[in-house]
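Colleague:
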Ligand SMILES: *Cc1c(COP(=O)(O)O)cnc(C)c1O
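Numbering (the working numbering), first residue to last: 27 to 447.
#1: Based on Cα-Cα distance, which residue from 408, 269 and 130 lies nearest to residue 198?
#2: Just confirm the distance between the C-beta atoms of residue 17 and residue 260, as a whole number of angstroms; I'd bet it's less than 8 angstroms.
#3: Got a sec, what are the start and stop residues for the alpha helix (DSSP H) residue 61 sits in?
#4: Locate the alpha helix (DSSP H) running through residue 377, then write down its first and last residues.
#5: With a threshold of 8 angstroms (Cβ to nearest heavy atom), would residue 282 be considered close to ligand 1?
#6: Are residue 132 and residue 97 touching if we call contact CB-CB under 9 angstroms?
#7: Give me the pocket residues for ligand 1, defined as CB within less than 5 angstroms of any heavy atom, sorted by chain position.
#8: Using a Cβ-Cβ cutoff of less than 8 angstroms, which residues in the same chain neighbour residue 330 once the five nearest sequence positions on both sides are dropped?
#9: Thinking C-alpha only, which one of 400, 76, 147 and 72 is nearest residue 310?
#10: Could you check the C-alpha separation between residue 288 and residue 405 for me, to the nearest Å?
#11: To the nearest angstrom, how far is it from the Cα of residue 221 to the Cα of residue 49?
#12: The alpha helix (DSSP H) with residue 205 in it runs from where to where?
#13: Indicate whether residue 366 and residue 328 have their beta-carbon atoms separated by less than 9 angstroms.
#14: Between the Cα of residue 297 and those of 340, 427, 79 and 437, spot the shortest distance and give me the residue it belongs to.
#15: For a quick check, are the C-beta atoms of residue 176 and residue 243 less than 9 angstroms apart?
#16: Assuming residue 201 contacts residue 246 under a Cβ cut-off of 8 angstroms, what Cβ separation, rounded to an integer in Å, is found between them?
#17: Relative to the C-alpha of residue 216, which residue among 155, 257 and 271 is closest?
#18: Which residue or residues does DSSP assign as beta-bridge partners of residue 320?
#19: From which residue to which residue does the beta strand (DSSP E) around residue 266 run?
Structural data, given as structure tokens:
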């Protein structure tokens with residue numbers, strides 16, 4: 027469920043008509059709904075009701091500080107994967123003790139900044155990282171709280187580029203070697219082992235892989251406790267999928283996911299962390315774009331829009347589907363027509379949809395990509411010297427630009443020409 031609904035035939039974001047924002051901001055732009063963000067956070071929070079828990083929003087999905095602060099004020103922690111994200115979360119007002127640090131390639135500088143600034147835990151992904159973390163902690167006279175990310179060798183049955191829990195993936199340490207690696211960690215004076223971490227992939231539309239992975243984590247918990255480790259926290263990762271194609275998909279609900287967590291690990295008495303990103307931000311954001319031309323090709327019609335692959339790369343990168351809707355609803359009697367919906371970038375990959383049925387559209391009409399809130403704006407670039415796409419947040423009947431569109435001067439003046447030229 028989201029808060030982008032038609033009223034009198036006009037798409038609204040909560041109480042604000044989308045065309046009003048387009049007039050004020052220009053297109054393309056991302057538009058987020060506060061109510062939807064909060065609703066999705068609350069669904070997870072309530073799903074874990076009865077367990078000691080913290081929902082750590084995976085901020086790589088959508089990391090604008092206005093979004094972070096909205097969620098943090100509702101009680102969310104953050105999952106960060108770089109020191110940049112760490113500093114951004116801190117700037118948004120998130121305290122260090124609510125931030126977990128994930129990622130396979132943490133550098134010494136990243137580790138140092140987080141240790142000095144305060145961190146809830148490091149999710150360690152390899153033995154060399156463990157050694158580096160230990161060394162940096164000792165150098166700073168600190169003890170770093172850690173979980174170790176285990177790779178449970180579970181097929182998440184999702185797109186290959188976002189599957190992370192198979193043994194051939196670069197993430198975590200093989201679960202079969204976990205006891206050995208925990209023993210090494212336990213002997214390092216700069217580390218304190220507090221738990222286990224797992225994250226098997228993204229856009230999972232079936233609960234079975236979670237069930238398998240979490241059962242393995244439960245078993246490992248008992249073994250590690252028997253080995254003498256104080257396992258008191260389980261970080262179960264993110265990954266729950268969203269319905270990108272509303273007409274034919276209904277992924278599991280957070281409530282069912284929460285029940286699964288209770289069933290598989292609830293008896294262990296551990297504090298539970300989860301790291302949802304996509305399900306919190308995905309349907310809380312749309313990308314609004316304007317049709318520049320309707321071009322009639324030999325055997326098909328193209329809608330050439332002012333949004334492009336640099337603004338929303340998911341279709342080009344993951345073959346992703348986004349529902350695309352007209353901002354002004356056509357009368358029910360109007361016959362739909364197939365269009366290829368494409369951006370202006372000089373690559374055939376700059377195609378959002380092929381032969382998509384839409385009401386008749388032409389220059390100046392606004393369209394909206396649904397489900398664009400996660401892995402949308404954060405992956406945007408200035409490819410083709412196109413301004414970085416702005417972001418807007420709606421709250422009831424108010425809206426605010428939360429990242430302005432840069433001017434061409436700003437963009438161009440970021441380059442520096444060497445003296446010898
Ligand atoms: C990307 C990522 C997440 C979030 O995944 P979603 O599919 O967006 O919920 C959580 N944890 C880790 C470690 C990640 O890399």
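Glycine included, each C-beta is placed from N, C-alpha and C at the ideal position.
Modeller: Taking the geometry as given:
#1: As a first step, residue 198 is located in the chain shown; it is residue number 172 there, counting from the start. Nearest C-alpha to residue 198: 130.
#2: Given that the chain is displayed from residue 27 to residue 447, the structure contains no residue 17 and the question cannot be resolved.
#3: Taking the first residue of the chain shown as 1, we reach residue 61 at position 35. Residues 60–73.
#4: Start at 1 with the first residue of the chain shown, and residue 377 comes out as number 351. Looking at the DSSP string, residue 377 is not in any alpha helix (DSSP H); the run it does join, the beta strand (DSSP E), is 377–384.
#5: Here the question's residue 282 lines up with position 256 in the chain shown. Because no heavy atom of ligand 1 lies under 8 angstroms away, the Cβ of residue 282 does not count as near it: no.
#6: Looking up residue 132 in the chain shown gives position 106. Looking up residue 97 in the chain shown gives position 71. No, these two residues do not count as a Cβ contact at 9 angstroms.
#7: 84, 87, 128, 225, 228, 263, 264, 265, 301, 302, 303 and 304
#8: Within the chain shown, the letter at position 304 stands for residue 330. Around residue 330: 317, 318, 319, 320, 321, 368, 369 and 370.
#9: Indexing the chain shown from 1 puts residue 310 at position 284. That would be 400, whose Cα lies nearest to the Cα of residue 310.
#10: Against the chain shown, residue 288 aligns to sequence position 262. Against the chain shown, residue 405 aligns to sequence position 379. The alpha-carbon atoms of residue 288 and residue 405 are separated by roughly 34 angstroms.
#11: As a position in the chain shown, residue 221 is number 195, starting the count at 1. As a position in the chain shown, residue 49 is number 23, starting the count at 1. Distance between the alpha carbons of residue 221 and residue 49: 50 angstroms.
#12: Counting from one through the chain shown, the residue named residue 205 turns up at place 179. Start and end: 204–212.
#13: Residue numbering aside, residue 366 sits at position 340 when the chain shown is read from its first letter. Residue numbering aside, residue 328 sits at position 302 when the chain shown is read from its first letter. In this structure, residue 328 lies closer than 9 angstroms to residue 366 by Cβ.
#14: In the chain shown, the residue the question calls residue 297 occupies position 271. Residue 79 is the option with its Cα nearest to residue 297.
#15: Position 150 of the chain shown holds residue 176. Position 217 of the chain shown holds residue 243. Taking a C-beta distance under 9 angstroms as the contact criterion, residue 176 and residue 243 qualify as a contact pair.
#16: Numbered from its first residue, the chain shown carries residue 201 at position 175. Numbered from its first residue, the chain shown carries residue 246 at position 220. Indeed they touch by this definition, with Cβ atoms about 6 angstroms apart.
#17: Taking the first residue of the chain shown as 1, we reach residue 216 at position 190. Considering only alpha carbons, the answer is 155.
#18: By 1-based counting over the chain shown, the position of residue 320 is 294. Beta-bridge pairing by DSSP links residue 320 to 329.
#19: Numbered from 1 along the chain shown, position 240 holds the residue referred to as residue 266. Looking at the DSSP string, residue 266 is not in any beta strand (DSSP E), and its letter there is neither H nor E.
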